[in-house]
Amino acid sequence: MKAAQRQRHATPVRLLLRRIANIFVPLIPALIGCGVIAGVNGLLLNLGWLPSLTPALAAVASGFMALIAVFVGHHTAKEFGGTPILGGAVAAVIVYAGVAKVTVFGTTLSPGQGGVLGALAAALLGTYVEKWCRTWVPDTLDVLVTPTLTVLLTGLVTLYGLMYAAGAATSAIGTAATWLLSTTGVFAGLILGGLFLPLVMLGLHQALIPLHTTLIEQQGYTVLLPVLAMAGAGQVGAALAVYVRLRHDHSLRTTIRSALPAGLLGVGEPLIYGVSLPLGRPFLTACAGGAAGGAFVGLFSMLGDRIGSTAIGPSGWALFPLLAGSGGLLPSAAIYAGGLLTGYAVGFGATYFFGSFGVVGGVCEAERTDIAAPTGTAAPAMTTTPTDTAAPHDPEGNRTL
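The working numbering runs 8 ahead of the 1-based position in the sequence shown.
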């Protein structure tokens, strides 16, 4: 049964996103660790403290990012059925300092050009070359010929094609993200913050991981993550409003109390699937809170105060140690905190006043009472509501009307 259900939901897009997640998600612990160290080092530099230690911290924080292409290549080959070490080998060409002596289309290549996108493409090509070689190379020569041809052919294509193309794509991504927030900051923040919860619900947010990684590699931080994190703030505000309004729904309030700490730290799935999505309209009002918070952060981007995150993974309060921006850590933290407060307030207010609790509370509590009634005993009449008048019953069993 479960296998058939998984097969039914295994669309090409979902399979692709799952593969992307399998490549990049294992990198997140290193990104977080190095990002926190980079944030601490930046704070020490701004304050002028421990000048003899900051170069060492910079080396520790930057070492992984300098070689991230190799790890992406390794995981890509592993995910697509190739030999992982060969994927890392062809991706290592991208970060090798000697590529500065190679000229392509009249332009000298730069070490790291193309970044993680180039590494992903190189390792993917290498996997297909490796599989092709194994179809015709005799077993006696396989251990010698297949790795050699894989690295040689893929390496040359990477140097004379993929690095140039991926470099152009990487530059375009960075330019587009910067332009989007600096030119249309409020509108862009409104859209990104408002739509991120539906993306999380559908699992499509995983497609953004390569974009975040590319921006971190190129600019030192991703300007998208603080805006997208506002969706979690709207979700927290909506959950608090549900908690306040549905005072008699003890089961739902228990769920909110359990999930709220995780939501404050940026883990929104418990609140999404346990609270706002089953209720319906609070999910939409949570999106409104995220949109407001995103617009707040986008406004400051338009004013020249861009903020970003030096790593991906955490959001909510957990993102504070990873913040960076054009104005330094403290201004970035102040802008981010303002966005969170805006998201909390708008998510709470929109849910409190427009969540249809006169209907949701009555139906929800009546349903829970019916379910809890012992066998052979008539369930109590639907008269318990959080308001003074009984709410109409929804015959379809919906929690919103």
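C-beta: ideal position from N, C-alpha, C; glycine also.
All values derive from a computational prediction rather than experimental measurement.
Taking 9 Å as the cut-off, the beta carbon of residue 324 is found no closer than this to the beta carbon of residue 249.
Following the DSSP letters along the chain, one finds residue 315 inside the beta strand (DSSP E) bounded by residues 315 to 317. Scanning 199, 123 and 134 for the CA closest to the CA of residue 181 turns up 123.
The beta carbons of residue 178 and residue 222 sit closer together than 9 Å. Only buried fits residue 220, as 16 or more other CB atoms lie within 10 angstroms of its CB. For residue 333, the uninterrupted beta strand (DSSP E) segment begins and ends at 331 to 333. Look at residue 156 here: in three-state DSSP terms it is helix. Ranking 125, 212 and 139 by CA distance to the CA of residue 175 puts 125 first. Per DSSP, reduced to three states, the secondary structure at residue 19 is coil, with no helix or strand assignment. Taking the Cα positions, residue 232 is about 45 Å away from residue 152.
In the DSSP assignment, the residues bridged to residue 112 are 115. Counted as a single uninterrupted DSSP element, the alpha helix (DSSP H) harbouring residue 187 occupies residues 171 to 191. Cβ-Cβ separation between residue 269 and residue 359: approximately 19 Å, too far for a contact (criterion under 8 Å). When DSSP reads this structure, residue 230 sits in a beta bridge with 317. Sequence-distant partners of residue 104 (beyond 5 residues in either direction) whose C-beta falls short of 6 Å from its own C-beta are missing from its chain.
In this model, residue 286 and residue 204 are separated by some 18 Å (Cα to Cα). Counting along the chain, the unbroken alpha helix (DSSP H) around residue 83 starts and ends at 76 to 87. Residue state for residue 57 is assigned as coil, using DSSP reduced to three classes. Non-local C-beta neighbours of residue 135 in its own chain, meaning closer than 7 Å and more than five positions away in sequence, comprise 85, 88, 89, 90 and 95, ordered along the chain. For residue 356, the uninterrupted alpha helix (DSSP H) run begins and ends at 337 to 362, by DSSP. Relative to the Cα of residue 240, the nearest Cα in the group 313, 345 and 56 belongs to 345. The Cβ atoms of residue 162 and residue 98 sit closer than 9 Å to each other. For residue 328, no alpha helix (DSSP H) encloses it, and the DSSP letter there is neither H nor E. Secondary structure of residue 281 (DSSP, three-state): helix. Between residue 296 and residue 242, the CB-CB gap stays under 9 Å.
Residue 210 and residue 109 have their C-alpha atoms spaced approximately 45 Å apart. Nearest neighbour of residue 52 by Cα position, chosen from 316, 172, 40 and 65, turns out to be 65.
Around the beta carbon of residue 60, fewer than 16 other beta carbons lie within 10 angstroms, which makes this residue exposed. A check of alpha carbon separations from residue 271 across 254, 244, 255 and 258 identifies 244 as the nearest.
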